[in-house]
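Visitor: To convert, count from 1 in the sequence shown and add 138; that's this note's numbering. We put the CB at the ideal spot given by N, CA and C, even for glycine.
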Amino acid sequence: MLDYHTHLWPHGGPPSIDATVEALAGYCEQAAANGVTEIAITEHLYRFRGPAEALAGHWDDDPHPQLRDQLRDYWWSETGADLDRFVEVVLAAKSAGLPVLLGMEVDHYAGRMDRVADLLRGYPFDVLLGSVHWIGAWGFDILGDPVVDAEWDNRAIEAVWDGYTRGLEELAASRVCDVLAHPDLCKITGRRPAVPDEWYDRMAEAAAASGMAAEVSSAGIRKPVGEAYPAPPLLTRFRRRGVPVTTASDAHDRSTVADHRPELRALLDSAGYTSIAGYRSRQRYDVAL
Ligand SMILES: [Zn+2]
Ligand SMILES: [Zn+2]
Numbered sequence: 139m140l141d142y143h144t145h146l147w148p149h150g151g152p153p154s155i156d157a158t159v160e161a162l163a164g165y166c167e168q169a170a171a172n173g174v175t176e177i178a179i180t181e182h183l184y185r186f187r188g189p190a191e192a193l194a195g196h197w198d199d200d201p202h203p204q205l206r207d208q209l210r211d212y213w214w215s216e217t218g219a220d221l222d223r224f225v226e227v228v229l230a231a232k233s234a235g236l237p238v239l240l241g242m243e244v245d246h247y248a249g250r251m252d253r254v255a256d257l258l259r260g261y262p263f264d265v266l267l268g269s270v271h272w273i274g275a276w277g278f279d280i281l282g283d284p285v286v287d288a289e290w291d292n293r294a295i296e297a298v299w300d301g302y303t304r305g306l307e308e309l310a311a312s313r314v315c316d317v318l319a320h321p322d323l324c325k326i327t328g329r330r331p332a333v334p335d336e337w338y339d340r341m342a343e344a345a346a347a348s349g350m351a352a353e354v355s356s357a358g359i360r361k362p363v364g365e366a367y368p369a370p371p372l373l374t375r376f377r378r379r380g381v382p383v384t385t386a387s388d389a390h391d392r393s394t395v396a397d398h399r400p401e402l403r404a405l406l407d408s409a410g411y412t413s414i415a416g417y418r419s420r421q422r423y424d425v426a427l
């Protein structure tokens, strides 16, 4: 199996440790111990200084001042790494023979995906993950922040899923990325619409129409919802529509690289997948399970 979603830096402050080939070697060791043969390093785009400056203010159109302030403060507290240095280190690890890919977790920036594509151009990425992390200025998965948490009580769950799905549809249609990361992240708190089928249908349709793969991620197991992304009914829809899948941990430190591999395998088996997608230079290929 593969782990196509790993981060070097935890959240809750600026990127604190320099990226090094040694750190990547540690990630590869942890992956191998869990039966995973290749990992992609997919740091968030906004954690790099240049892109953060170029995309800052994407929250300005949101009418909710508290949410705008929260996201602005979060944004500037989380950034500061150097993108060229990051790329250099991952490429050095590849040259040294480590089974790592150069990736990036790219967020959805409503109405700004052309600008995002410009920021990514010229780098030899192997795989780009696309994620929806904010609905307007609401970073809905920054759980534990009082402003973010309060908003979960202010909105109807159907409106949350609708806003999230609209972002995912726009992201997919932009075709800037290769893989939809944690496709049903909107379930993170465990709250869901009584009948989520219409949103599942839209998510699966967006993925199929875009040609993107979807990620099967163990990250949800570590969140309040307590289950992998995507939920089985959504994974089944992906399978029926021929959407390829990757596997991922979304680790933010070495200890969770390639974790819960058996659970992800069981999910894939029960949805009928016999292969997963691998990438090189943003070209997809099949890997038999
Ligand atoms: Zn993410
Ligand atoms: Zn991530």
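What's the call for Q85, buried or exposed, on a 16-neighbour Cβ count within 10 Å?
Guide: In the structure as shown, the chain begins at 139 and stops at 427. Residue 85 is therefore absent and cannot be evaluated.
Visitor: Taking all protein chains shown into account, decide if R223 is buried (16 or more other Cβ within 10 angstroms of its Cβ) or exposed.
Guide: Counting from 1 along the sequence shown, the entry for residue 223 is found at position 85. By the neighbour-count rule (16 or more Cβ atoms within 10 Å), R223 is not buried but exposed.
Visitor: Is the beta carbon of V314 closer than 8 Å to that of R420?
Guide: On the sequence shown, residue 420 is found 282 positions in, with the first residue counted as 1. On the sequence shown, residue 314 is found 176 positions in, with the first residue counted as 1. The answer is no: Cβ separation not under 8 Å.
Visitor: Pairing CB atoms from the segment 407-417 with CB atoms from the segment 373-386, are three or more of them under 8 Å?
Guide: yes
Visitor: Can you tell me whether DSSP reads G151 as helix, strand or coil?
Guide: Residue mapping note: residue 151 aligns to position 13 of the sequence shown, counting from 1. Here G151 sits in coil by DSSP.
Visitor: Give the DSSP-derived three-state secondary structure of D431 in the structure shown.
Guide: The chain is shown only over 139 to 427; residue 431 falls outside these bounds and no answer can be derived.
Visitor: At which residues does the alpha helix (DSSP H) containing R340 begin and terminate?
Guide: Counting from one through the sequence shown, the residue named residue 340 turns up at place 202. Residues D335 to S348.
Visitor: If you follow the beta strand (DSSP E) that T144 is in, where does it begin and where does it stop?
Guide: Numbered from its first residue, the sequence shown carries residue 144 at position 6. That run of the beta strand (DSSP E) goes L140 to T144.
Visitor: Residues bridged to Y417 by DSSP?
Guide: Position 279 of the sequence shown, counting from 1, holds the residue named residue 417. Partner(s): R422.
Visitor: Using only the heavy atoms of ligand 1, determine whether one of them is closer than 7 Å to the beta carbon of A319.
Guide: As a position in the sequence shown, residue 319 is number 181, starting the count at 1. Checking every heavy atom of ligand 1 against the Cβ of A319, one is found closer than 7 Å.
Visitor: DSSP three-state label for Y184, please.
Guide: Here residue 184 is taken as the residue at index 46 of the sequence shown, counted from 1. Correct three-state label for Y184: helix.
Visitor: Less than 8 Å between the CB atoms is what I'm expecting for H143 and L267, so what's the real figure, rounded?
Guide: Locating residue 143 in the sequence shown gives position 5, counting from the first residue. Locating residue 267 in the sequence shown gives position 129, counting from the first residue. With 8 Å as the limit, H143 and L267 qualify as a contact, their Cβ atoms being about 6 Å apart.
Visitor: Is it buried or exposed, R185, if we count other Cβ atoms within 10 angstroms and call 16 or more buried?
Guide: Here residue 185 is taken as the residue at index 47 of the sequence shown, counted from 1. Under this definition R185 is a buried residue.
Visitor: In the DSSP assignment, find the alpha helix (DSSP H) that holds L306 and state where it starts and stops.
Guide: Here residue 306 is taken as the residue at index 168 of the sequence shown, counted from 1. Per DSSP, L306 belongs to the alpha helix (DSSP H) from I295 to S312.
Visitor: Grouping DSSP H, G and I as helix and E and B as strand, with all else coil, what is E160?
Guide: The residue you call residue 160 lines up with position 22 of the sequence shown. Looking at E160 - three-state DSSP - the assignment turns out to be helix.
Visitor: Which of helix, strand or coil does DSSP assign to I273?
Guide: Residue 273 sits at position 135 when you count from the first residue of the sequence shown. I273 carries a strand assignment under DSSP once its states are collapsed to helix, strand and coil.
Visitor: What does the shell around ligand 2 hold, if a residue joins when its beta-carbon is under 6 Å from any heavy atom?
Guide: H143, H145, E243 and D388
Visitor: Can you pull the DSSP bridge partners for V227?
Guide: Looking up residue 227 in the sequence shown gives position 89. None; V227 has no bridge partner.
Visitor: How far does the beta strand (DSSP E) with E353 in it reach, from first residue to last?
Guide: By 1-based counting over the sequence shown, the position of residue 353 is 215. E353 -> beta strand (DSSP E) spans A351 to S355.
Visitor: Between L373 and V354, how many whole angstroms is the CB-CB distance? I'm expecting something under 8 Å.
Guide: Within the sequence shown, the letter at position 235 stands for residue 373. Within the sequence shown, the letter at position 216 stands for residue 354. The beta carbons of L373 and V354 sit about 7 Å from each other, so the pair counts as a contact at 8 Å.
Visitor: Drop a sphere of 10 angstroms on the beta-carbon of R375, count the other beta-carbons inside from all chains shown, and report buried for 16 or more, exposed for fewer.
Guide: For this step, residue 375 is matched to residue 237 along the sequence shown. Counting Cβ neighbours within 10 Å, R375 comes out buried, since at least 16 surround it.
Visitor: Indicate, with yes or no, if ligand 1 has a heavy atom lying under 7 Å from the CB of S356.
Guide: Indexing the sequence shown from 1 puts residue 356 at position 218. Because no heavy atom of ligand 1 lies under 7 Å away, the Cβ of S356 does not count as near it: no.
Visitor: Does ligand 1 have a heavy atom nearer than 7 Å to the CB of H271?
Guide: Taking the first residue of the sequence shown as position 1, residue 271 is located at position 133. Because some heavy atom of ligand 1 lies under 7 Å away, the Cβ of H271 counts as near it: yes.
Visitor: Spatial neighbours of A426 within its chain, please: CB distance less than 8 Å, with the 5 preceding and 5 following residues excluded, ordered by chain position.
Guide: Along the sequence shown, one-based indexing puts residue 426 at 288. These residues qualify, in order along the chain: T412 and S413.
Visitor: Closer than 7 Å by C-beta to F263: which residues in its own chain qualify, once you throw out the five before and the five after it? Chain order, please.
Guide: Start at 1 with the first residue of the sequence shown, and residue 263 comes out as number 125. Taken in chain order, the residues that qualify are L240, G241, M242 and R420.
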